[in-house]
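In our numbering, the protein residues as written are 15 to 195.
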Amino acid sequence: MMRRLPMAVLLLALPGMAAAQGRTAFHAGPVFTDFAPIATIRSDVTVPAGTRFKVAFDVSDAAAPGDLSRAIETAARFINQHVDAGVLLSAISVAVVVHGAAPDDLLQSAAYADRHAGKANGSANAIAQMIGKGVVFHLCGQSAASRGITDNELLPGVKMSISAMSSHALLQRSGYTLNPF
15 MMRRLPMAVL LLALPGMAAA QGRTAFHAGP VFTDFAPIAT IRSDVTVPAG
65 TRFKVAFDVS DAAAPGDLSR AIETAARFIN QHVDAGVLLS AISVAVVVHG
115 AAPDDLLQSA AYADRHAGKA NGSANAIAQM IGKGVVFHLC GQSAASRGIT
165 DNELLPGVKM SISAMSSHAL LQRSGYTLNP F
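What follows is the structure, encoded as C-alpha cells:
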C-alpha cells in the first residue's frame with residue numbers, strides 16, 4: 015500500500031532537491047582545478063573582445079578554523095568563470111584585500127596552528143596557487159597589528175599595507191573596481 019506524504023512535507027523538500035540538482039552543473043575551473051568550481055553559462059551579457067578586468071575583492075570574514083575562506087575562493091571563482099568564458103588569464107588582474115576578522119587566513123602553518131588549536135590553515139594552498147597565477151593579497155596593517163600578526167608569520171607573497179583603506183584607494187587609482195560580493 016502506497017502512503018501519501020502531506021503536501022507540506024513535499025514543499026519543504028523541494029528547495030533541497032532543487033539545490034542538489036543545481037550543484038551538478040558545477041565543474042572544476044580551467045585555472046584553479048581543485049577549488050573554486052564554476053558552472054559554464056551561455057550568457058546574454060557578452061564580454062567584449064579585448065576586455066581587461068582589474069578587480070579588487072574585500073575580505074573581512076574569517077574562515078572557520080581549518081576551512082577554505084569562501085571569500086577568497088570567490089576571487090578564484092571570478093578568474094575561473096571568466097577564463098572559462100574565453101577571457102585570457104593575462105587580461106585578468108585580481109587583488110584581495112584582507113582585514114577585520116580574516117587576517118589569520120593569511121598565516122603560515124605554525125602561526126595559524128598556534129592561534130587555532132593546532133588546526134591547519136584551510137586557505138593556505140588556495141592562496142599559494144592564486145599568488146602563483148598573479149593574484150595579489152594585501153593585508154591591512156591595522157588589522158594585523160590589532161591581532162599581533164607580524165610580517166614573518168605571513169604566507170609567502172602576502173603584502174602588508176598601511177591599511178585596507180589605503181590598499182583600496184591605491185588599487186582604485188590603478189584602475190581596479192571593487193567587487194561587491
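The beta carbon of each residue, even a glycine, is placed where N, CA and C say it ideally should be.
Quiz item: For PRO117, does the count of other Cβ atoms within 10 angstroms reach 16, so buried, or fall short, so exposed?
Solution: On the sequence shown, residue 117 is found 103 positions in, with the first residue counted as 1. By the 10 Å Cβ count, PRO117 comes out buried.
Quiz prompt | Cβ shell of SER188 (< 8 Å), same chain only, five flanking positions each side left out | solution = Counting from 1 along the sequence shown, the entry for residue 188 is found at position 174. Result list for SER188: LYS68, in chain order.
Quiz item: Taking the beta strand (DSSP E) that SER137 falls in, what are its first and last residues?
Solution: Numbered from 1 along the sequence shown, position 123 holds the residue referred to as residue 137. SER137 -> no beta strand (DSSP E), and no H or E assigned at all.
Quiz item: Between which two residues does the beta strand (DSSP E) harbouring ILE55 extend?
Solution: Position 41 of the sequence shown, counted from the start, is the residue given in the question as residue 55. Where ILE55 is concerned, there is no enclosing beta strand (DSSP E), given that its DSSP letter is neither H nor E.
Quiz item: Just the Cα atoms here: how many angstroms apart are THR60 and HIS130?
Solution: By 1-based counting over the sequence shown, the position of residue 60 is 46. By 1-based counting over the sequence shown, the position of residue 130 is 116. Roughly 44 Å separates the two Cα atoms.
Self-check item: Alpha carbon of ALA78 to alpha carbon of MET144, nearest angstrom
Solution: Locating residue 78 in the sequence shown gives position 64, counting from the first residue. Locating residue 144 in the sequence shown gives position 130, counting from the first residue. Rounded to the nearest whole angstrom, the CA to CA distance from ALA78 to MET144 is 20 Å.
Quiz prompt | Alpha-carbon spacing of SER177 relative to GLY162, whole angstroms | solution = Counting from one through the sequence shown, the residue named residue 177 turns up at place 163. Counting from one through the sequence shown, the residue named residue 162 turns up at place 148. SER177 and GLY162: Cα-Cα distance of roughly 15 Å.
Quiz item: Are there 16 or more other CB atoms within 10 angstroms of the CB of MET15, so buried, or fewer, so exposed?
Solution: Indexing the sequence shown from 1 puts residue 15 at position 1. Low per-residue confidence applies at MET15: pLDDT is 46, beneath 50, and the placement is therefore not dependable, though the value from the model is reported in the following sentence. That one is exposed.
Quiz item: Quick one, which of GLY171, VAL73, ILE52 and ALA138 has its alpha-carbon nearest ILE115's?
Solution: As a working mapping, residue 115 is identified with position 101 in the sequence shown. The sequence shown places Ala at residue 115, rather than the Ile named in the question. Minimum Cα distance to ALA115 is reached at VAL73.
Exercise. Determine the direct distance from the alpha carbon of SER160 to that of GLY64, and round the result to whole angstroms.
Key: As a first step, residue 64 must be located in the sequence shown, where it is residue number 50. As a first step, residue 160 must be located in the sequence shown, where it is residue number 146. Rounded to the nearest angstrom, the gap between the Cα atoms of GLY64 and SER160 is 42 Å.
Quiz item: What span of residues does the alpha helix (DSSP H) with SER123 cover, start to end?
Solution: Position 109 of the sequence shown holds residue 123. Taken as a continuous stretch (DSSP letters only), the alpha helix (DSSP H) holding SER123 covers 123 to 129.
Exercise. Could you give the DSSP three-state label for PHE46: helix, strand or coil?
Key: Counting from 1 along the sequence shown, the entry for residue 46 is found at position 32. Three-state result, PHE46: coil.
Quiz prompt | N-terminal and C-terminal residue of the beta strand (DSSP E) that HIS182 is part of | solution = Against the sequence shown, residue 182 aligns to sequence position 168. Counting along the chain, no beta strand (DSSP E) covers HIS182; the unbroken alpha helix (DSSP H) around it starts and ends at 178 to 187.
Quiz item: Taking buried to mean at least 16 other C-beta atoms within 10 Å of its own C-beta, is ASP119 buried or exposed?
Solution: The residue you call residue 119 lines up with position 105 of the sequence shown. Counting the other CB atoms within 10 Å of its CB gives ASP119 a total of 16 or more, which places it among the buried residues.
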